[in-house]
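Enquirer:
There are 2 protein chains.
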Amino acid sequence: MATIADVAQAAGVSISTVSYALSGKRSIKPDTRARVLAVASELGYLPHASARMLAAHRSHIIAVSEPVHPDTDDAAHMAFAMQTTRVAREHNYDTLLLVHDDALEGMRRSAATQLADGIVVLDVDEDDARVPLARTLDCPTVFVGLPADTEGLVCVDLNFEAAARQAVDRLVDAGHRQIGLISHRLETIERGSNFPRRVLRAFAERCEERGVRHAVTHPNGHTADGSVRRLLEQLPELDGIVLNTTADVASSLSAILATRGLEVPRDVSVIATGVSFTTARFAVPFDTMPLDARASCTAAMDLLVKAIDGGDRTPRIVLIPPTYIDHGSVIARAAADPTPGV
Amino acid sequence: MATIADVAQAAGVSISTVSYALSGKRSIKPDTRARVLAVASELGYLPHASARMLAAHRSHIIAVSEPVHPDTDDAAHMAFAMQTTRVAREHNYDTLLLVHDDALEGMRRSAATQLADGIVVLDVDEDDARVPLARTLDCPTVFVGLPADTEGLVCVDLNFEAAARQAVDRLVDAGHRQIGLISHRLETIERGSNFPRRVLRAFAERCEERGVRHAVTHPNGHTADGSVRRLLEQLPELDGIVLNTTADVASSLSAILATRGLEVPRDVSVIATGVSFTTARFAVPFDTMPLDARASCTAAMDLLVKAIDGGDRTPRIVLIPPTYIDHGSVIARAAADPTPGV
DNA sequence: CGCCGCTTTCGAAGCGCTTCGACGATGCGC
DNA sequence: GCGCATCGTCGAAGCGCTTCGAAAGCGGCG
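What follows is the structure, encoded as structure tokens:
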């Protein structure tokens, strides 16, 4: 409730001196500055948010656009929203949450009213309506995820292709010969998130390059049983599984393999790749290359702050290299063809 | 980018006339008003957020305090944060997300800088540090959840006691004689959320009143197997289960009962009560009395808006009556003692 | 000694909006 | 026909802050 005028009066200086003492934008004699700071903290002075915004042409607020579809993975979304908020605070920004139908209108509104200094767009679809909108807004915007047309945008995403390739390489290097990919449900893929497709493509290409048999399946429901059955039909000697799917499907995998007498990693090695859940607490923990909300949001916020404060709005795509976390779910296989070498 | 001065000039009226035409706070001649509105929408005029805040002493922003613990149920939290945001928009408020360690400091800051007009406190613990803080803030605050000491607070919560009693009554009325409650993990309860305790107490009391055998168990991990075993030890003729637990435990229940030859509802009836997940897509959908984020947040926002706009800050506790959703997981039992009546 | 340049501080002009008081114009009753 | 109430509009005073330009004070140098 104390205003800058109260502080100025109590410290016996002018309002502008207080302002400069607190912001450090001009040099103030050290003892004056100390006195001002002491008085300010004594009075519990905090600058009035809207007055500061109005005068400084900066709100220190970042809008977070977070759409919610029926098939939304709430836990994953939560993680991204939370991390965005946390990282924003580290840069001294607050976050305004824009959800649902309001995601578009909210972006427009918070940009036009200059409520937000910048926008973070989460859960980007291949063909996302927020892409053309962002181009018209004249408000720094960072996309977390990769739309089809990235012309003029700043985007951050996990390098899903690298993650898929690395998973294949790990398995092939360890002697696996028949590798299955359990992907996302078809409806999810059709709805537009593009990373499942990127994983699909990179997985298949890498398997071809490395010359191993491979197959892909999409779960129907919330468990992996149909997927396992279909994989085994195509790959009778299935010895490696790459997971790029939801938590419920992944967590059901061990038990379902067990019903067929298959044990992880004794009979089948498993690697999760580009997934947003942690596999550490599964009955059998899987090796994983997580889609790490913290890493993505940190990178996104760095770019956004650079755009806001530094005026650097050059379009760019930042692909975050995947990290491999070993939980022991991959073991070396004896060579499939046991003819002695050379 | 257009300012109110641009609109005024284009419409040939003064700034204050534009302001009144748009806000409706004074009467303006209909055709003047129409002209102003036309010009405003043509110019795409939207009032500058901070200028409006500063002049009107109102930010139209509500802070949402959402702590995140290690054992947080992300999906449930997401639902509450999203619903709060959605409902706030219906009242023309935006929401600022305060998470984690910043939950306390953020409340203080957004109140002191008058960034927020009001605060919604989510996931309230029995002994929540945000309670004493709220009492000092002089910023309208609504708690979603019930702390131990509600003195002077405005709180909204599901009537968990009524939900527990109603679940017991349903089962007893349908002839069940041995009812088990699967509660939350002990660590969750000890951490401080109080609704599990309220359910425990009301469940036990109601069972006593109705004169049925009952038992309570807390899961250890993420499935219900230990809980089912312990319930059956105490209640060999277990014929009804009340669930007030997490989604993973609940979703594992049918399969675990099946391993003991028990089928829902043929052998055991099940009612979920005060849970934040939906049971509709379970293999066997359970009857449920959901902890409905939408209902809680709507009620909370109504109270908050009343406090902000109407100045009505009278402390009160609003308990939301539970709704029973029938999925057919409860069937009538033959009377345990089959002596023919009268 | 006077001038210059530096440091430190101050005054005042906004930022774009809301809102209060006032003023001219119009309509009514007596 | 005059006074009075009412309606519609306007001007100006803020809201609390940032920031620019300038003033004041001071030491050093020619």
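Chains as they are written, first to last, in the working numbering: chain A, 105 to 446; chain B, 105 to 446.
Glycine included, C-beta positions come from ideal geometry on N, C-alpha and C.
Does any residue of chain A bring its CB to less than 8 Å from the CB of B/A384?
Expert: Answer no: the Cβ-Cβ gap between B/A384 and chain A never drops below 8 Å.
Enquirer: Tell me the rounded alpha-carbon separation between B/S123 and B/V409.
Expert: Straight-line Cα distance between these residues: approximately 23 Å.
Enquirer: Quick test of the definition: if touching needs 3 or more C-beta pairs under 8 Å, does the stretch 401 to 419 of chain B touch the stretch 318 to 332 of chain B?
Expert: Touching, no.
Enquirer: Would a check of beta-carbon distances place A/L158 closer than 8 Å to chain B?
Expert: So yes, A/L158 belongs to the interface.
Enquirer: Between B/S118 and the rest of its own chain, which residues show a CB-CB distance below 8 Å, the 5 nearest in sequence each way excluded?
Expert: Same-chain partners within the cutoff: A112.
Enquirer: Measure from the C-beta of A/S154 to each C-beta in chain B and report whether the shortest distance is under 8 Å.
Expert: With 8 Å as the cut-off, A/S154 counts as an interface residue toward chain B.
Enquirer: Within a Cβ cutoff of 8 Å, which residues of the same chain sit near B/I375, ignoring the five residues on either side of it in sequence?
Expert: Result list for B/I375: A271, R274, L275, G344, I345, V346, L347, F390, D391, T392, M393, S433, V434, in chain order.
Enquirer: Please look up how many angstroms separate the CB atoms of B/L395 and B/V379, rounded, as I've assumed it's under 8 Å.
Expert: The pair is a contact, with the Cβ atoms about 6 Å apart (cut-off 8 Å).
Enquirer: Using a Cβ-Cβ cut-off of less than 7 Å, list which residues of the stretch 388 to 418 of chain A approach chain B; keep chain order.
Expert: Against chain B - using a Cβ distance shorter than 7 Å - the stretch 388 to 418 of chain A contributes no residues.
Enquirer: Which whole-angstrom value describes the C-beta separation of B/C238 and B/L226, a residue pair presumed to lie in contact below a C-beta threshold of 8 Å?
Expert: Note that residue 238 of chain B is Ala in the sequence shown, not Cys. Incorrect: roughly 13 Å between the Cβ atoms, too far for contact.
Enquirer: State yes or no: is the C-beta of B/V172 within less than 8 Å of the C-beta of B/V203?
Expert: Result yes, Cβ atoms of B/V172 and B/V203 sit closer than 8 Å.
Enquirer: From B/I223 to B/R398, what does the alpha carbon distance come to, in whole angstroms?
Expert: Cα-Cα distance, rounded: 17 Å.
Enquirer: Could you confirm whether any beta carbon from chain A is found closer than 8 Å to the beta carbon of B/L237?
Expert: Closer than 8 Å: no.
Enquirer: How many whole angstroms separate the CB atoms of B/A167 and B/A220, which I take to be in contact at a CB cut-off of 8 Å?
Expert: Between B/A220 and B/A167 the Cβ distance is about 4 Å, and since that is below 8 Å, they are a contact.
Enquirer: Between which two residues does the alpha helix (DSSP H) holding A/A411 run?
Expert: Here the alpha helix (DSSP H) through A/A411 covers 397 to 414.
Enquirer: So, for A/Q218: in the same chain, excluding its five sequence neighbours on each side, which residues have a beta-carbon less than 7 Å away from its beta-carbon?
Expert: Closer than 7 Å at the Cβ level, and outside the excluded window around A/Q218, lie S163.
Enquirer: Counting pairs of Cβ atoms below 8 Å between the stretch 410 to 430 of chain B and the stretch 260 to 270 of chain B, do you hit three or more?
Expert: Segments in contact, yes.
Enquirer: Can you tell which of B/L200, B/S214, B/T189 has its C-alpha closest to the C-alpha of A/D205?
Expert: Nearest of B/L200, B/S214, B/T189 to A/D205, Cα basis: B/T189.
Enquirer: Is any beta-carbon of chain B found at less than 8 Å from that of A/R193?
Expert: Yes, contact with chain B.
Enquirer: Which full runs of the alpha helix (DSSP H) of 4+ residues lie inside the stretch 148 to 195 of chain A, going along the chain?
Expert: Segments of the alpha helix (DSSP H) lying fully in the stretch 148 to 195 of chain A: 153 to 160, 178 to 194.
Enquirer: If you count every other CB in all the chains shown that lies within 10 Å of the CB of A/G415, and 16 or more means buried, which is it?
Expert: Per the 10 Å Cβ criterion, exposed.
Enquirer: When the Cα of A/A138 is compared with those of A/R212, A/A180, A/L126, which residue comes out closest?
Expert: The candidate whose alpha carbon is nearest that of A/A138 is A/L126.
Enquirer: Nearest chain B C-beta to A/R190 closer than 8 Å, yes or no?
Expert: True, the Cβ-Cβ gap to chain B drops below 8 Å.
Enquirer: In chain order, which beta strand (DSSP E) runs of at least 3 residues are fully inside the stretch 208 to 270 of chain B?
Expert: DSSP runs (the beta strand (DSSP E)) wholly in the stretch 208 to 270 of chain B: 222 to 225, 245 to 248, 258 to 262.
Enquirer: Identify each residue in the stretch 215 to 228 of chain B for which the Cβ-Cβ distance to at least one residue of chain A is less than 9 Å, and report them in chain order.
Expert: The residues in question are A216, T217, Q218, L219, A220.
Enquirer: Please check the pair B/A207 and B/L241, which I expect to be a contact at CB under 8 Å, by giving their CB distance rounded to whole angstroms.
Expert: Incorrect: roughly 13 Å between the Cβ atoms, too far for contact.
Enquirer: Run down chain A in chain order and give the residues with a C-beta less than 8 Å from the C-beta of B/S163.
Expert: The contacting residues are A153, S154.
Enquirer: For a test of the three-state rule: what should DSSP assign to B/G330, helix, strand or coil?
Expert: B/G330 falls in the helix class under three-state DSSP.
Enquirer: By alpha-carbon positions, which one of A/A114, A/M186, A/A436, A/V332 ends up nearest to B/L201?
Expert: The candidate whose alpha carbon is nearest that of B/L201 is A/M186.
Enquirer: Here's the rule: buried if 16 or more other CB atoms are within 10 angstroms of the residue's CB, otherwise exposed. What is A/D261?
Expert: A/D261 is buried by the Cβ-count criterion.
Enquirer: Output the distance between the C-alpha atoms of A/G210 and B/E309, rounded to the nearest integer angstrom.
Expert: Whole-angstrom Cα-Cα distance: 48 Å.
Enquirer: What does the Cβ neighbour count give for B/T121, buried or exposed, with the cut at 16 atoms within 10 Å?
Expert: With 16 or more Cβ atoms within 10 Å of its Cβ, B/T121 is classed as buried.
Enquirer: Where does A/P134 sit, in a helix, a strand or coil, going by DSSP?
Expert: In the structure shown, A/P134 sits in a helix (DSSP, three-state: H, G or I).
Enquirer: Of all the residues that make up the stretch 169 to 183 of chain A, which are near chain B by a beta-carbon distance shorter than 9 Å?
Expert: Those would be E170, V172, T176, D177, D178, A179, A180, H181, M182, A183, in chain order.
Enquirer: What residue from A/G330, A/I132, A/P300 has the CA that sits closest to A/N263's CA?
Expert: Cα-wise, what sits closest to A/N263 is A/P300.
Enquirer: Taking the alpha-carbon positions, what's the A/V140 to A/Y149 distance?
Expert: C-alpha separation (whole angstroms): 11 Å.
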